[in-house]
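J.: The opening position of the sequence shown corresponds to residue 156 in the numbering used here, with each subsequent residue numbered one higher.
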Amino acid sequence: MKATEILMEEHAVIERVLTALVTAVHRLEAGETVRPGFFIDAADFIKGFADGCHHKKEEDVLFVSLLAHGLPTQGGPVQVMLAEHDQGRRLANQMRAGAQRWEAGDLSGRQQVINAARDYVALLRNHIFKENNVLFPLADKVVPPLEHDKITQDFERVEHEETGEGVHEKYLALAEKLEKELE
Numbered sequence: 156m157k158a159t160e161i162l163m164e165e166h167a168v169i170e171r172v173l174t175a176l177v178t179a180v181h182r183l184e185a186g187e188t189v190r191p192g193f194f195i196d197a198a199d200f201i202k203g204f205a206d207g208c209h210h211k212k213e214e215d216v217l218f219v220s221l222l223a224h225g226l227p228t229q230g231g232p233v234q235v236m237l238a239e240h241d242q243g244r245r246l247a248n249q250m251r252a253g254a255q256r257w258e259a260g261d262l263s264g265r266q267q268v269i270n271a272a273r274d275y276v277a278l279l280r281n282h283i284f285k286e287n288n289v290l291f292p293l294a295d296k297v298v299p300p301l302e303h304d305k306i307t308q309d310f311e312r313v314e315h316e317e318t319g320e321g322v323h324e325k326y327l328a329l330a331e332k333l334e335k336e337l338e
């Protein structure tokens with residue numbers, strides 16, 4: 156399996172959590188009950204999987220290879236993706252902070268959760284679309300075929316050595332838990 160296919164499979168998992176976030180926001184807006192901890196768990200997923208596992212592979216492996224094969228460091232697609240990763244981190248942190256305040260009894264945190272979750276979902280859906288339909292096809296053309304195997308091996312190294320054994324599976328289970336909670 157090509158490195159870009161691995162990343163697209165991970166995008167599909169992230170999309171499942173995005174859908175759960177949308178459902179949770181809609182329920183809150185309809186006056187239904189959703190526990191603040193749901194959004195803390197979602198922020199844990201974002202930090203551990205979307206950022207800690209997935210973005211680490213992109214930033215530390217794929218993007219480095221793309222830059223080494225001629226993509227510009229300034230003003231190009233890699234710079235845009237990195238900026239969006241940073242924006243996503245800020246929104247996830249805002250969602251977590253709002254959920255923690257809400258959980259502690261500060262109801263203003265509820266609206267912060269709604270706003271941050273909505274903005275995060277919009278950002279990530281657009282981001283994933285651009286990566287799947289523009290950046291990854293470009294990577295498949297720009298990166299020499301023999302280097303794709305090395306990138307895949309580096310992804311394995313990131314997953315097992317840098318993020319830790321079993322971490323990927325832990326977050327897949329969390330994604331499933333978040334989905335089931337809203338069924």
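Where is the CB? At the ideal position from N, CA and C, for every residue including glycine.
Would Val180 be called buried (16 or more neighbouring beta carbons within 10 Å of its own) or exposed?
T.: Flag for Val180 reads buried.
J.: For Ala198, count the other beta carbons within 10 Å of its own beta carbon; 16 or more makes it buried, fewer makes it exposed. Which is it?
T.: Ala198 comes out buried.
J.: Roughly how many whole angstroms lie between the Cα atoms of Asp196 and Ala294?
T.: If you take the alpha carbons of Asp196 and Ala294, they lie about 32 Å apart.
J.: Since Val313 and Gly225 are thought to touch, with beta carbons under 8 Å apart, how far apart are those beta carbons, to the nearest angstrom?
T.: About 23 Å separates the two Cβ atoms, so there is no contact after all.
J.: Would a C-beta distance cut-off of 8 Å place Phe200 and Ala328 closer than the cut-off?
T.: In this structure, Ala328 does not lie closer than 8 Å to Phe200 by Cβ.
J.: Taking the alpha helix (DSSP H) that Asn270 belongs to, which residues open and close that run?
T.: 263–285 is the span of the alpha helix (DSSP H), which, as asked, contains Asn270.
J.: Using DSSP with H/G/I as helix, E/B as strand and the rest coil, what is Pro232?
T.: Residue state, collapsed to three classes: helix.
J.: Taking only the alpha-carbon atoms, compute the straight-line gap between Ala277 and Glu302 and give it to the nearest angstrom.
T.: If I take the Cα positions, the gap works out to 33 Å.
J.: The alpha helix (DSSP H) with Lys296 in it runs from where to where?
T.: Run containing Lys296: 291–297, per the alpha helix (DSSP H) assignment.
J.: Just checking my contact of Ser220 with Ile306 at CB under 8 Å: how many whole Å lie between their CB atoms?
T.: Sure, about 6 Å apart at Cβ, within 8 Å.
J.: Determine whether the beta carbon atoms of Glu316 and Arg171 lie at a separation below 8 Å.
T.: Taking 8 Å as the Cβ cut-off, Glu316 and Arg171 do not qualify as a contacting pair.
J.: Is the segment 257–267 close to the segment 227–242, with three or more CB pairs under 8 Å?
T.: Output reads no: the segment 227–242 does not touch the segment 257–267.
J.: Classify Gly321 as buried or exposed, calling it buried when 16 or more other Cβ atoms lie within 10 Å of its own Cβ.
T.: Label assigned to Gly321: exposed.
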